[in-house]
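K.L.:
Numbering (our numbering), first residue to last: 18 to 254. Built from N, CA and C at the ideal position, the CB exists for glycine as well.
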């Protein structure tokens with residue numbers, strides 16, 4: 018009987034040790050996941066801040082440079098268009114391009130002068146685009162920042178240098194009833210922004226490439242201006 022009791026105690030202790038090891042392993046994995054998530058969140062914040070500062074289309078001219086640092090991820094260019102319509106159809110198509118940072122589920126996009134954080138449908142606009150409209154039916158200024166052809170993909174970890182050579186060109190689009198369409202994979206923050214500026218907003222795939230455009234229709238006759246901020250971005254490790 019004593020031997021049986023001793024064996025039972027040994028087995029009980031072994032089971033207790035096993036349960037403890039499994040629990041510690043689960044706890045370690047959980048802590049590791051939290052640390053990785055915090056690091057990814059910090060990376061996205063740094064990239065969003067770097068995009069907003071270095072790629073500021075409104076206040077910079079000429080040569081500029083800035084740095085963004087991330088532990089893991091990739092910055093790459095995307096093909097994106099911004100279009101302006103009047104009542105007769107497309108007035109202008111601007112090849113705006115975009116820069117997107119992705120690290121797992123984390124995403125930051127620079128498009129047209131706006132910085133958007135997050136994946137759809139939970140994305141939010143960190144920096145608003147340079148599109149302004151008077152609420153009384155007055156002027157409409159469609160500002161569009163273009164990335165240019167020099168942007169290349171850079172991935173891994175470390176510090177990425179963003180170089181720009183910014184110039185600005187303004188063009189009168191005359192007077193009429195205008196719509197602005199922005200091609201984007203994160204439509205929600207764009208929709209909210211345009212609605213705040215007094216536009217009626219719809220979405221549709223204008224060129225059939227699978228990426229929808231957020232289309233903002235501004236009420237009334239307006240004098241419209243197109244301002245293109247050509248950034249000519251270079252991305253280098």
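Going straight from the alpha carbon of residue 60 to that of residue 141, what length do you get?
P.N.:
As a position in the chain shown, residue 60 is number 43, starting the count at 1. As a position in the chain shown, residue 141 is number 124, starting the count at 1. Rounded to the nearest angstrom, the two C-alpha atoms are 16 Å apart.
K.L.:
Expressed to the nearest angstrom, what Euclidean distance is found between the alpha-carbon atoms of residue 254 and residue 109?
P.N.:
Along the chain shown, one-based indexing puts residue 254 at 237. Along the chain shown, one-based indexing puts residue 109 at 92. So the two alpha carbons sit approximately 34 Å from each other.
K.L.:
Using the Cα positions of residue 53 and residue 66, report the straight-line distance between them to the nearest angstrom.
P.N.:
Sequence index remark: in the chain shown, residue 53 carries index 36 (1-based). Sequence index remark: in the chain shown, residue 66 carries index 49 (1-based). No answer about residue 53 holds up, because its pLDDT of 49 lies below 50 and its placement is not dependable.
K.L.:
Report yes if the CB atom of residue 101 is closer than 8 Å to the CB atom of residue 129, and no otherwise.
P.N.:
Within the chain shown, numbered from 1, the residue matching residue 101 stands at position 84. Within the chain shown, numbered from 1, the residue matching residue 129 stands at position 112. Cβ atoms of residue 101 and residue 129: not closer than 8 Å.
K.L.:
To test your reading of the DSSP string, which unbroken alpha helix (DSSP H) runs of 4 or more residues are found completely within the region 210-241?
P.N.:
none
K.L.:
8 Å is my cut-off, CB to CB: does residue 77 come that close to chain D?
P.N.:
In the structure shown, chain D cannot be found, because there is only a single protein chain.
K.L.:
Once DSSP output is grouped into helix, strand and coil, what is the label at residue 87?
P.N.:
One-based indexing of the chain shown puts residue 87 at position 70. Residue state, collapsed to three classes: strand.
K.L.:
Quick check: the Cα distance between residue 177 and residue 64, rounded to an integer number of angstroms?
P.N.:
Sequence index remark: in the chain shown, residue 177 carries index 160 (1-based). Sequence index remark: in the chain shown, residue 64 carries index 47 (1-based). So the alpha carbons of these two residues sit roughly 10 Å apart.
K.L.:
Report yes if the CB atom of residue 183 is closer than 8 Å to the CB atom of residue 248, and no otherwise.
P.N.:
Taking the chain shown and counting its residues from 1, one reaches residue 183 at position 166. Taking the chain shown and counting its residues from 1, one reaches residue 248 at position 231. Yes, the Cβ-Cβ distance between residue 183 and residue 248 is below 8 Å.
K.L.:
At what residues does the beta strand (DSSP E) containing residue 174 begin and finish?
P.N.:
As a first step, residue 174 must be located in the chain shown, where it is residue number 157. Per DSSP, residue 174 belongs to the beta strand (DSSP E) from 171-193.
K.L.:
Spatial neighbours of residue 212 within its chain, please: CB distance less than 7 Å, with the 5 preceding and 5 following residues excluded, ordered by chain position.
P.N.:
Counting from 1 along the chain shown, the entry for residue 212 is found at position 195. 218, listed in sequence order.
K.L.:
Could you work out which residue in 179, 245 and 210 is closest to residue 9 when comparing CA atoms only?
P.N.:
Look at the range of the chain in this structure, 18 to 254, and you will see that residue 9 is not part of it.
K.L.:
Beta-carbon within less than 7 Å of residue 233's beta-carbon, same chain only, minus the 5 sequence neighbours each way: which residues are those?
P.N.:
Your numbering for residue 233 matches position 216 in the chain shown. Around residue 233: 196, 197, 211, 216 and 218.
K.L.:
Nearest CA to the CA of residue 78: which residue from 251, 246 and 252?
P.N.:
The count along the chain shown starts at 1 and reaches residue 78 at position 61. Among 251, 246 and 252, the Cα nearest to that of residue 78 belongs to 246.
K.L.:
Restricting to runs no shorter than 3 residues, where is the beta strand (DSSP E) found entirely within the region 54-120?
P.N.:
79-95, 98-103, 106-112 and 115-120
K.L.:
With distances taken Cα to Cα, identify the nearest neighbour of residue 186 among 74, 69, 58 and 62.
P.N.:
Counting from 1 along the chain shown, the entry for residue 186 is found at position 169. Here the closest residue by C-alpha is 74.
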